[in-house]
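Take a look at the structure below.
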Amino acid sequence: MLTRIDHIGIACFDLDRTVEFYRATYGFEVFHSEVNEEQGVREAMLKINETSDGGASYLQLLEPTREDSAVGKWLAKNGEGVHHIAFGTADVDGDAADIRDKGVRVLYDQPRIGSMGSRITFLHPKDCHGVLTELVTSAPVESPEH
Ligand code: CMX
Ligand code: CO
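The sequence shown begins at 1 in UniProt numbering and counts up one residue at a time.
What follows is the structure, encoded as structure tokens:
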């Protein structure tokens, strides 16, 4: 079951300048940043709020690491802007299978690794009324060591 907006993915040409815009304009700070070579992105997650399912909602700012990546291609065509939305679920495998059964193209056979060790997959935008849609299961919270 999809229980929250996990994040909104925003494509930008210059991650550092875009991070500074969100900090200076809204006061949002970087919660986490990483490079995901498989996805071809350098990214910053800005936590906006926690949610009733124990998760959180973020903005995901994305700068391509290579021109032929999904974000690189999209930026070249569209310029900066909202690239995708992501719904959070406790069960990305089950939800992706259910959605595939409804005839929507799920891009990956198995979820891949996303931000902060999450497991992610994508639904084809042409099957989702023009919206590239991601499904995310957060990494389990590590219990403190004793
Ligand atoms: N939103 C809406 N439509 C999109 C889109 C997007 N983000 N990206 C591509 N499209 C549309 C294009 O406009 C194009 O439409 P037309 O045929 O009408 O022109 C069509 O989809 C095909 O686009 P393309 O430029 O030829 O690109 P590809 O088919 O090679 O790739 C997609 C499209 C969705 C398969 C690819 O972007 C993908 O695999 N995305 C998932 C991975 C991803 O986005 N990773 C980055 C984020 C990582 C993260 O969130 O952690
Ligand atoms: Co994303």
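Glycine included, C-beta positions come from ideal geometry on N, C-alpha and C.
None of these values were measured; they are calculated from a predicted model.
Original post:
Just the Cα atoms here: how many angstroms apart are I10 and D98?
Top reply: Taking the Cα positions, I10 is about 27 Å away from D98.
**OP:** Measure the beta-carbon distance from R119 to T137 and round it to whole angstroms, keeping in mind my assumption that it falls under 8 Å.
**Re:** The Cβ separation is near 5 Å, so the contact holds.
**OP:** Please find out if some non-hydrogen atom of the ligand CO comes closer than 8 Å to the beta-carbon of I113.
**Re:** No - the ligand CO has no heavy atom lying nearer than 8 Å to the Cβ of I113.
**OP:** Report the partner residues of T51 according to the DSSP bridge assignment.
**Re:** The partner list for T51 (beta bridge, DSSP) is empty, contrary to what the question assumes.
Original post:
Taking a cut-off of 5 Å, which residues have a beta-carbon closer than that to any heavy atom of the ligand CO, in chain order?
Top reply: Qualifying residues come out as G9, Q60, A86, E134.
**OP:** Give the straight-line distance between the Cα atoms of G27 and D101, rounded to the nearest whole angstrom.
**Re:** The C-alpha of D101 is placed about 42 Å away from the C-alpha of G27.
Subject >> First through last residue of the beta strand (DSSP E) which encompasses F122 >> reply: Here the beta strand (DSSP E) through F122 covers 119-123.
Original post:
Going by Cα to Cα distance, which pick from V131, E20, K77, V106 is closest to E29?
Top reply: Of V131, E20, K77, V106, the residue nearest in Cα terms is E20.
Original post:
Under a Cβ-count criterion, where at least 16 other Cβ atoms within 10 Å of its own Cβ denotes burial, should R58 be classed as buried or exposed?
Top reply: Residue identity check: residue 58 is Tyr in the sequence provided, not Arg. That one is buried.
**OP:** Using the DSSP secondary-structure output, state which residues sit across from F21 in a beta bridge.
**Re:** Note: F21 is not bridge-paired with any residue in the DSSP secondary-structure output.
Original post:
Which runs of the beta strand (DSSP E), 3 residues or longer, sit entirely within the stretch 20-97?
Top reply: Listed in chain order, they are 32-36, 41-50, 56-64, 81-89.
Original post:
Using a threshold of 8 Å, is the CB atom of N49 nearer than that to any non-hydrogen atom of the ligand CMX?
Top reply: Not so, every heavy atom of the ligand CMX lies at least 8 Å from the Cβ.
**OP:** Could you have a look at L107 and say whether DSSP puts it in helix, strand or coil?
**Re:** The three-state reading of DSSP puts L107 in coil, since its state is none of H, G, I, E or B.
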